[in-house]
Amino acid sequence: MSKVIVTGAGGFIGSAVVKTLLDKDAAVFGIDVDKNKLTQFEHYKKFTPIVADFSIYNTLDKLISDRQFDLFIHLAWAGSFGGEDYYNYKLHNKNIDAVCEACEISTKLLVKRFVFCGSSYQSMISDSAMFPVNYYGITKRAAADYCMAMCGKNGVECNIAILTNTYGVGDTSQKAVNTFLKKLMNNEDLFLIVGDKCNDWVYISDTVSGIIAVSESPYNFKQYYVGHRNISTFKEKLIAMKDILHSKSELKFGEYKDETFVNYTDFDLDALYNDTGFECKSNFRESILKTAEWLKARNALDTYITND
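So in the working numbering, spot 254 of the sequence shown is number 414, and the numbers just go up one at a time.
Here is the structure:
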């Protein structure tokens, strides 16, 4: 892949994808709403920053003068899984519109293959509900379907990368893994769900390698799960994390009810391995330690800046 477009290029996963592609000597056109997040790549000669929000995605062909792209990776997504965005259907519909605009513009930019990064939350269910339980996952599923249909209609190859809980160095969010790590490092007790259901956590380098593997698959119009082929339970992961960090925290499982969970049986966990040979290679212990050290250093820097 010599020329690639990446949306959400300044985000946690997006920036890692961009850096990996640039290190592979690809020419990357990185699109992000925040121009400051794109300055991290300014020392790369083959990086072209494109500042754009969703409202002008339909004019990307005017912002990008090049044509004949090997790949378009769509990662950009407004809002988050939880909080006030949980039931914000207007926000989620804007995400669908942006994905559709990206698919349409791919035809004008002469893109060979389009890869949309979906979410395992599209298969989030609840024991007590007979209907989909979150708008975020519903939107991701709908966006993936639109990608397949629109790319098929326009003669652009398309694959879907189903991402799950990505963690690691560079993640500045308050997602679960970061929260658990901080509390364990501070020896704070954790009040948790029962945790007997499968829950996959994927280190950032594996997520990036998985996305690239999806883009290089010899097959077209397929959905691939990017994660581990054998998934342990949430409880097993928390116990292992505590042991790795030698934390004195007490893990109080069962304090909260497992209201929702991802039904991993919806995905073919072996498909990406069977088609490309991809497997998660990161060692859990090493990944947790690296992430913990990074969070510790970042917290120390934030404290220094605050006190300065």
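Using N, Cα and C, we set each Cβ at its ideal position, and we do this for glycine too.
Put simply, the backbone Cα of Phe-413 is about 18 Å away from that of Asn-346. Exclusion of the five residues before and after Asn-380 leaves Glu-317 as the residues of its chain whose Cβ lies within less than 6 Å of its Cβ.
With 16 or more other Cβ atoms from the protein chains shown falling within 10 Å of its own Cβ, Thr-451 counts as buried.
In this structure, DSSP gives Gly-190 an extended state, which the three-state scheme calls strand. When C-beta atoms of the region 250 to 259 are compared with those of the region 328 to 339, fewer than three pairs fall below 8 Å, so the two segments do not count as touching. In this structure, the CA atom of Val-188 is about 29 Å from the CA atom of Tyr-281. When DSSP states are grouped into helix, strand and coil, Arg-301 belongs to the helix group. Measuring C-alpha to C-alpha distances from Val-271 to each of Asp-230, Ser-215, Thr-393, Glu-376 identifies Asp-230 as the nearest. For Glu-348, there is no enclosing beta strand (DSSP E), as DSSP gives it neither H nor E. In this structure, DSSP gives Tyr-204 a state outside helix and strand, which the three-state scheme calls coil. Comparing alpha carbon positions, the residue from Ala-400, Asp-435, Ser-288 closest to Gly-370 is Asp-435. Remark: C-beta atoms of Asp-331 and Phe-172 approach each other more closely than 8 Å.
Counting along the chain, Lys-272 sits inside the beta strand (DSSP E) bounded by residues 271 to 279. For Thr-324, DSSP assigns no beta-bridge partner whatsoever.
Under the criterion of beta carbons closer than 8 Å, Trp-454 and Val-329 qualify as touching, at roughly 4 Å. Per DSSP, reduced to three states, the secondary structure at Val-374 is helical. In this structure, Leu-341 is the residue among Leu-341, Ser-377, Glu-439, Ser-266 with its C-alpha nearest to the C-alpha of Lys-456. Comparing C-alpha distances from Asp-257 to each of Leu-198, Val-178, Tyr-217 shows the shortest one belongs to Tyr-217. Residue environment for Lys-300: buried (at least 16 other C-beta atoms within 10 angstroms of its C-beta). In the three-state DSSP reduction, Thr-393 falls in the strand class (E or B).
Excluding its 5 nearest sequence neighbours in each direction, Leu-344 has C-beta neighbours in its own chain below 7 Å: Met-401, Lys-402, Leu-405, Ser-407, Ser-409, listed in chain order. Rounded to the nearest whole angstrom, the C-alpha separation of Thr-420 and Tyr-204 is 43 Å.
Within the DSSP bridge table, the entry for Phe-291 names no partner. Secondary structure note for Leu-223: its alpha helix (DSSP H) is the uninterrupted segment 220 to 223. Beta bridge pairing from DSSP links Leu-231 with Val-164, Arg-273.
Within the same chain, and ignoring the five residues on either side of Asp-221 in sequence, the residues whose Cβ sits closer than 7 Å to its Cβ are Ile-265, Lys-268, Leu-269.
At least 8 Å separates the beta-carbon of Thr-393 from that of Asn-423. Here Arg-273 is buried. Its C-beta has 16 or more other C-beta atoms within 10 Å. At the C-beta level, Ile-322 and Phe-427 come within 8 Å of one another.
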